[in-house]
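**Student:**
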Amino acid sequence: MFIRTYMAHRKVVAASQKIALSGFDFSPADDSYLYAAFYACGAPYPNSNKDAFTVEELTDCYDTFIGKPVYINHANDDLTRARGVIIDAICHFDEEEDSCWVEILIELDKETFPYLAQLIENGDIDTVSMGCNLDYTECSVCGNIAYTDADFCEHIQNKMQNDAYEICHGVEFFEISLVYDPADPNAVITAVHQSSDKTADFALPEVADDRVASCPVCGSGQFDGKTCPVCGYIKRDE
């Protein structure tokens, strides 16, 4: 599978000189990789999906990001659609605000996904959204514990219409996705390292006759040459 092969490749690559990127110190594999750091999630404030973590929970689980795949728009049902891997994670604390946030470092193969790498380098894709599994959630209003949707209290059933939100417990992160409209507005790129001074010009696949080219970002066959309904990519005018 892609991620297993990807991680195995990193183990045999000779370590190069360490570099610093945002809060990370790491050894780039070689010039064919792009490295980018992102704000992945924070606590204790809820996102626009009305989901939240406690500082204690995020402190305990943030490192489960490490080694997990990078997808496009949560198309995570097929590991071969992964576009990279998370190689490190840091939890930053703000004691005055009693809050924290997780920063992740992703590694992307520029030779395999050149157009996606260019979009990240150019800032055309600069936001992410996390994916996680959890044991149960707690209602912020009444404290009700829900292990399944059937356990939701009235507050959570209608959380988008009131001030209630779900506090997540027993969290394990299983992916990060590059998206255009994140639930957490803070989930943006914090730094990018271009392992080569040269940035190639990658052209979109041509749409010939009545054939539809695949999306250069997520690979969807629904791309019409201008927009992709799967990942939200929009080709900019030349």
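When the letters of the sequence shown are read in order and numbered with this note's numbering, they come out as residues 149 to 386. Even for Gly, the Cβ is constructed at its ideal location relative to N, Cα and C. These figures come from a predicted structure and were not determined experimentally.
1) For VAL250, which beta-bridge partners are listed by DSSP?
2) Identify whether CYS209 lies in helix, strand or coil by the three-state DSSP scheme.
3) Using only the alpha-carbon positions, how far apart do ALA237 and VAL250 sit?
4) Output yes or no for whether 8 Å exceeds the beta carbon distance between LEU169 and LEU256.
5) According to the Cβ coordinates, are ALA335 and ALA188 closer than 8 Å?
6) Pull the bridge partners of VAL327 from the DSSP assignment, please.
7) What residues in its chain sit with their C-beta under 7 Å from that of THR212, if we drop five residues either side in the sequence?
8) Should the region 285-300 be called in touch with the region 257-272, which here means at least 3 C-beta pairs below 8 Å?
9) My assumption, with CB atoms under 8 Å, is that VAL365 sits in contact with SER325. Please give the rounded CB distance.
10) Please state the DSSP three-state secondary structure of TYR183.
11) By how many angstroms is the C-alpha of VAL203 removed from the C-alpha of ASP242?
12) Could you check the C-alpha separation between ASP208 and CYS248 for me, to the nearest Å?
13) Could you name the residues of the same chain whose beta carbon sits closer than 7 Å to that of GLY318, not counting the 5 residues immediately before and after it, in chain order?
14) Tell me the rounded alpha-carbon separation between GLU259 and ASN195.
15) With a Cβ-Cβ cutoff of 8 Å, do GLU314 and CYS287 count as a contact?
16) Can you check whether the CB of ALA223 is closer than 8 Å to the CB of ILE337?
17) By the 10 Å Cβ neighbour count, where 16 or more other Cβ atoms means buried, how is LEU227 classified, buried or exposed?
**Tutor:** Looking at the coordinates:
1) Translated into the one-based positions of the sequence shown, residue 250 becomes position 102. VAL250 is bridged to CYS189 and CYS239.
2) The sequence position of residue 209 within the sequence shown is 61, counting from 1. Correct three-state label for CYS209: helix.
3) In the sequence shown, residue 237 corresponds to position 89, counting from 1. In the sequence shown, residue 250 corresponds to position 102, counting from 1. Looking at the two C-alpha atoms, the distance is approximately 7 Å.
4) The residue labelled residue 169 in the question sits at position 21 within the sequence shown. The residue labelled residue 256 in the question sits at position 108 within the sequence shown. Not closer than 8 Å, so no.
5) To locate residue 335, count along the sequence shown from 1; it is residue 187. To locate residue 188, count along the sequence shown from 1; it is residue 40. Cβ atoms of ALA335 and ALA188: closer than 8 Å.
6) Here residue 327 corresponds to residue number 179 of the sequence shown, with the count starting at 1. The partner list for VAL327 (beta bridge, DSSP) reads THR275.
7) Reading the sequence shown from its first residue, position 64 is the one you call residue 212. GLU320 and PHE321.
8) Between the region 285-300 and the region 257-272, the count of C-beta pairs closer than 8 Å stays below three; the two stretches do not touch.
9) Start at 1 with the first residue of the sequence shown, and residue 365 comes out as number 217. Start at 1 with the first residue of the sequence shown, and residue 325 comes out as number 177. Rounded, the Cβ-Cβ distance is 11 Å, inconsistent with contact.
10) Taking the sequence shown and counting its residues from 1, the one referred to as residue 183 is at position 35. The answer is strand: DSSP assigns TYR183 an E or B state.
11) Here residue 242 is taken as the residue at index 94 of the sequence shown, counted from 1. Here residue 203 is taken as the residue at index 55 of the sequence shown, counted from 1. The alpha-carbon separation between ASP242 and VAL203 amounts to approximately 10 Å.
12) Counted from its first residue, the sequence shown places residue 208 at position 60. Counted from its first residue, the sequence shown places residue 248 at position 100. About 12 Å.
13) In the sequence shown, counting from the first residue as 1, residue 318 sits at position 170. Only LEU282, ASP283 and TYR284 meet the Cβ criterion.
14) Here the question's residue 259 lines up with position 111 in the sequence shown. Here the question's residue 195 lines up with position 47 in the sequence shown. Going from the Cα of GLU259 to the Cα of ASN195 covers about 35 Å.
15) Indexing the sequence shown from 1 puts residue 314 at position 166. Indexing the sequence shown from 1 puts residue 287 at position 139. At the C-beta level, GLU314 and CYS287 come within 8 Å of one another.
16) What you label residue 337 is simply residue 189 of the sequence shown in a count that begins at 1. What you label residue 223 is simply residue 75 of the sequence shown in a count that begins at 1. Taking 8 Å as the cut-off, the beta carbon of ILE337 is found no closer than this to the beta carbon of ALA223.
17) Here residue 227 is taken as the residue at index 79 of the sequence shown, counted from 1. It counts as exposed.
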